[in-house]
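Below is one structure; the comments refer to it alone.
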Amino acid sequence: MKLAISLILTILFVSVHAQDQIYKKNNEVIECLIVSVDANSIKYTQQKYTGDEVHMIDRDLVIKVVYASGRYDFINQVPSLEKTLQKQHKNIMKFGLFSPLGGALSLGYERSMKPSRSMEYAVGIIGLGTSMHENARGAYIRAGYKLIKKPSVYKKAGEYAHIMHGSFIRPDMVVSYYSYESYNKSTREDAFSFALLLNFGKQWILDDEFSLSINAGVGYAISIGDEYYYSHIAYGNEFPLALSVGLSIGLLN
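What follows is the structure, given as structure tokens:
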């Protein structure tokens with residue numbers, strides 16, 4: 002009976018005085034009670050020194066955490082980039098979020114070629130939506146090569162961000178053609194434009210399943226007809242400036 006009581010008291014003593022340990026990169030060891038571990042920091046208390054006051058340390062300063070139970074975590078152990086990339090979706094089917102309000106239904110496709118590089122294509126069906134011209138019918142096609150800012154490939158907390166996430170520059174080639182009824186509706190007018198644009202934007206990958214992308218572009222265009230070509234605005238051949246904006250959502254697969 003005395004032995005059992007002694008064992009119970011010993012276990013209680015150890016449990017009360019057991020401490021978690023944080024091993025820092027400068028070889029310092031912090032004995033504490035860990036409150037929480039999140040993506041950027043570790044929160045802990047030190048009853049012996051500061052009572053219930055909560056302290057915080059950046060995860061980047063820590064090698065590992067050893068809990069009182071004996072379990073341990075290597076905080077900044079970075080997974081293999083190759084294995085991470087194999088798990089990530091590399092295709093995005095896109096939809097121009099407000100394209101119907103601009104008079105053309107925009108559908109797109111993006112394919113990752115390698116980290117920080119991808120090809121993107123889009124087709125716009127002119128006349129599906131709130132048309133800027135009377136009974137407009139036509140289409141545009143766009144192709145671009147996206148260069149994504151490399152620092153977005155890696156994020157904190159020992160995880161790799163999605164390879165298609167981040168700020169980007171995208172040179173585009175766009176061809177647009179449509180016809181529409183003249184004001185007196187007796188004839189149909191034609192409009193055509195070929196543009197080379199340089200787009201600047203950012204794409205967010207949400208939960209490795211969805212995308213949100215926004216961009217604005219400027220460049221040159223050869224055009225015949227009106228200034229508005231549904232994929233971009235062109236100001237005529239005498240002043241061949243072209244402008245574009247885009248906002249799209251997508252589904253990864």
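Take the position in the sequence shown, starting the count at 1, then add 1; the result is the number in this note's numbering.
Where a beta carbon is used, it is the ideal one built from N, C-alpha and C, also for glycine.
*Counting only runs of 3+ residues fully inside the stretch 79-152, write out the beta strand (DSSP E) ranges in chain order.*
92-97, 105-115, 118-127 and 138-149
_Considering just the uninterrupted stretch of the alpha helix (DSSP H) at residue 44, what are its terminal residues?_
Counted from its first residue, the sequence shown places residue 44 at position 43. No alpha helix (DSSP H) contains residue 44, which is instead part of the beta strand (DSSP E) from 42-46.
*Is DSSP giving residue 49 helix, strand or coil here?*
Locating residue 49 in the sequence shown gives position 48, counting from the first residue. When DSSP states are grouped into helix, strand and coil, residue 49 belongs to the helix group.
*Can you say whether residue 191 is buried or exposed, counting buried as having 16 or more other CB atoms within 10 angstroms of its CB?*
Here residue 191 corresponds to residue number 190 of the sequence shown, with the count starting at 1. With fewer than 16 other Cβ atoms within 10 Å, it is exposed.
*Alpha carbon to alpha carbon, how far is residue 95 from residue 122?*
For the purposes of this step, residue 95 is identified with residue 94 of the sequence shown, where counting begins at 1. For the purposes of this step, residue 122 is identified with residue 121 of the sequence shown, where counting begins at 1. Going by the C-alpha atoms only, they are around 9 Å apart.
*Name, in chain order, the residues that DSSP records as bridge partners for residue 64.*
Residue 64 sits at position 63 when you count from the first residue of the sequence shown. Beta-bridge partners assigned by DSSP to residue 64: none are found.
*Where does residue 240 sit, in a helix, a strand or coil, going by DSSP?*
Reading the sequence shown from its first residue, position 239 is the one you call residue 240. DSSP places residue 240 in coil when its eight states are reduced to three.
*Taking all protein chains shown into account, do 16 or more other C-beta atoms lie within 10 angstroms of the C-beta of residue 114, making it buried, or fewer, making it exposed?*
Position 113 of the sequence shown, counted from the start, is the residue given in the question as residue 114. Exposed, because fewer than 16 other Cβ atoms sit within 10 Å of the Cβ of residue 114.
*Please confirm whether residue 249 and residue 214 have their CB atoms less than 8 Å apart.*
In the sequence shown, the residue the question calls residue 249 occupies position 248. In the sequence shown, the residue the question calls residue 214 occupies position 213. Contact: yes.
*Which one of 228, 208 and 233 has the shortest CA to CA distance from residue 239?*
Sequence index remark: in the sequence shown, residue 239 carries index 238 (1-based). Residue 239 has its Cα closest to that of 228, out of 228, 208 and 233.
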